[in-house]
Each structure stands twice: as C-alpha cells, then as structure tokens.
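**Student:** Here it is, the structure in full.
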Amino acid sequence: AHEINNPLNYIMGGYIGLSNELKTYDFDKDKRISVFLEGIKTGIERASDIVKGLSQLSRDNDNYDEKCEIHSILDNCLTILHYKYKNRIEVVKNYEKENLFTMGNTGKLHQVFINIISNAIDSIENNGVIYIDTISGDKNQEISIRDTGCGIPADNLNKIMDPFFTTKAPGKGTGLGLSITNTIIQHHNGSIQFDSAPGYGTKVLIHLPKTYQNE
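Everything in the sequence shown is counted per our numbering, starting at 9 for the first residue and increasing by one.
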C-alpha cells in the first residue's frame, strides 16, 4: 500500500500543479481539458480508496480489541468489490445517521462483509440491486444485506455455513467462506441469520454488540 501511495501522490501533485497553471485558461475554448483533469482526479481518488480498503482488509492482527467503525468497513468493502458489480448492480445504502462501532478486529470484519457482499453480487446473474441497511439499538446493532439474486433452496439453507459446503461450480469456491464468516462473527459475540428462497433473493442479517464512540 505504501509503494502504491507514493506514485499516487506524485500524480496528485501533477494534477494540482496543472489545475493551478490552467486556472487562467478559458475552458470554454476546449471543454475537454476540464473533463481530462476531472478524470485524472477521479482515478486518483478511486485508486487511493482501493488501497485504503485493502490496507484495512489485510491488517495482520489476531486481537479483538479494536474499535471498529461499521459504516467505514462496509464502504471499504464496496470499494474493493466495485469492479464486480459496476454497471450492472445498484447498491442502495440506508445507514443510520450516527456512526456505529463494535469492539473487535477491523481486518476480520472486512473479511465478513467482503464475503457476504461478494456472494450477493455472484447471486445476481445480470442486473439487480443490493440493499445495505444498518439499525442501531441500545446494546446491539443490526446490519442487513439483501440482494435480488437467485436465492437459496430450502434444502441448502441449513447447510450454507457448514465447512466445505458450496453451491458454486467446481473451481469457483472452497465452501469455507460462510463457515469462516460465522466463526468471525461468533468471536465478536454476534450472530448471523439467513432468509432466502429461489427467485426472491437472499437477506443476511448480522447482529453485533454496540460500542459507543466515546467509550
């Protein structure tokens, strides 16, 4: 991440320098210049966001004593997975106005939400929607991730968190994703539930203990 950030900083410096030099330029004469500059800026910002998300995901820490910000983790995961759903899946976020925190492990919670959101993306063959909602309670908080994908048959619904169980084609998955996800959530003293049916999509409901920002 550090090695990638260095050239990004050089590019951003070049962008700022060009912008300052061109402030006196009449962009109306050639509107492409402002479009090009904005494209450079957008590219830098997206790359920086991806690096930030990957840095959080890959944190090498087995402790569960960090104050984890739920909305930030969800947004990082969406940034990392953007290439999988762009131009075909709409993501609708309905977050609580307040920031939500839980004590735990930031890197491992990234693993949880990357796995769940990735499964939601894979379940949508063409176009669809993923809804992400957060609800804050007094002692717990709820994260709901619902998709308009193919859904899960009742016979498989009770098996999806079993180690090595997968409905994906050979070579497309190990079947460990939801098993590991469940273990991580249990280590956070939380719970996970699934509601799904073929043709109706899947809803994943996660409950995590609530920690207040000033605690």
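We put the CB at the ideal spot given by N, CA and C, even for glycine. Keep in mind it's a predicted model, so treat the numbers as computed, not measured.
Does the distance from the CB of Glu74 to the CB of Thr32 come in under 8 Å?
**Tutor:** Position 66 of the sequence shown, counting from 1, holds the residue named residue 74. Position 24 of the sequence shown, counting from 1, holds the residue named residue 32. Taking 8 Å as the Cβ cut-off, Glu74 and Thr32 do not qualify as a contacting pair.
**Student:** If you count every other CB in all the chains shown that lies within 10 Å of the CB of Val99, and 16 or more means buried, which is it?
**Tutor:** In the sequence shown, the residue the question calls residue 99 occupies position 91. Under this definition Val99 is a buried residue.
**Student:** Use the C-beta contact count for Val120: other C-beta atoms within 10 angstroms, 16 or more gives buried, fewer gives exposed.
**Tutor:** Indexing the sequence shown from 1 puts residue 120 at position 112. Label assigned to Val120: buried.
**Student:** State yes or no: is the C-beta of Ala128 within less than 8 Å of the C-beta of Ile143?
**Tutor:** Position 120 of the sequence shown, counted from the first residue, corresponds to residue 128. Position 135 of the sequence shown, counted from the first residue, corresponds to residue 143. Not in contact: Ala128 and Ile143 (Cβ atoms no closer than 8 Å).
**Student:** Measuring only the C-alpha atoms, how far is Ser131 from Gly209?
**Tutor:** If you number the sequence shown from 1, residue 131 lands on position 123. If you number the sequence shown from 1, residue 209 lands on position 201. Cα-Cα distance, rounded: 8 Å.
**Student:** Go through the region 76-121 residue by residue and report every complete run of the alpha helix (DSSP H) that reaches 4 residues or more, in order.
**Tutor:** 78-88, 90-93
**Student:** Assign Phe109 to one of two classes, buried (16 or more other C-beta atoms within 10 Å of its C-beta) or exposed (fewer than that).
**Tutor:** In the sequence shown, counting from the first residue as 1, residue 109 sits at position 101. Burial call: buried.
**Student:** For Leu165, name the three-state secondary structure that DSSP assigns.
**Tutor:** Taking the sequence shown and counting its residues from 1, the one referred to as residue 165 is at position 157. The three-state reading of DSSP puts Leu165 in helix, counting H, G and I together.
**Student:** Between the Cα of Gln64 and the Cα atoms of Leu30, Met20, His118, which residue gives the shortest distance?
**Tutor:** Numbered from its first residue, the sequence shown carries residue 64 at position 56. Minimum Cα distance to Gln64 is reached at His118.
**Student:** Report yes or no: do the region 77-94 and the region 161-168 share at least 3 C-beta pairs separated by less than 8 Å?
**Tutor:** no
**Student:** Alpha carbon to alpha carbon, how far is Gly112 from Ile48?
**Tutor:** Taking the first residue of the sequence shown as 1, we reach residue 112 at position 104. Taking the first residue of the sequence shown as 1, we reach residue 48 at position 40. Distance between the alpha carbons of Gly112 and Ile48 is about 37 Å.
**Student:** Pro15: which of Asn84, Ser56, Ile153 sits nearest, CA to CA?
**Tutor:** Within the sequence shown, residue 15 is the residue found at index 7, counting from 1. If we check each option's Cα against that of Pro15, Ser56 comes out closest.
**Student:** Whose C-beta lies closer than 7 Å to the C-beta of Arg40 among residues of the same chain, with five residues either side of it excluded?
**Tutor:** Your numbering for residue 40 matches position 32 in the sequence shown. Excluding sequence neighbours, Arg40 sits near nothing in its chain.
**Student:** Can you check whether the CB of Ile58 is closer than 8 Å to the CB of Met20?
**Tutor:** Here residue 20 is taken as the residue at index 12 of the sequence shown, counted from 1. Here residue 58 is taken as the residue at index 50 of the sequence shown, counted from 1. Against a cut-off of 8 Å, the Cβ pair of Ile58 and Met20 comes out as no contact.
**Student:** Among Ile81, Ile24, Asp170, Asp155, which has the Cα closest to the Cα of Pro206?
**Tutor:** Counting from one through the sequence shown, the residue named residue 206 turns up at place 198. It is Asp155 whose Cα lies nearest to the Cα of Pro206.
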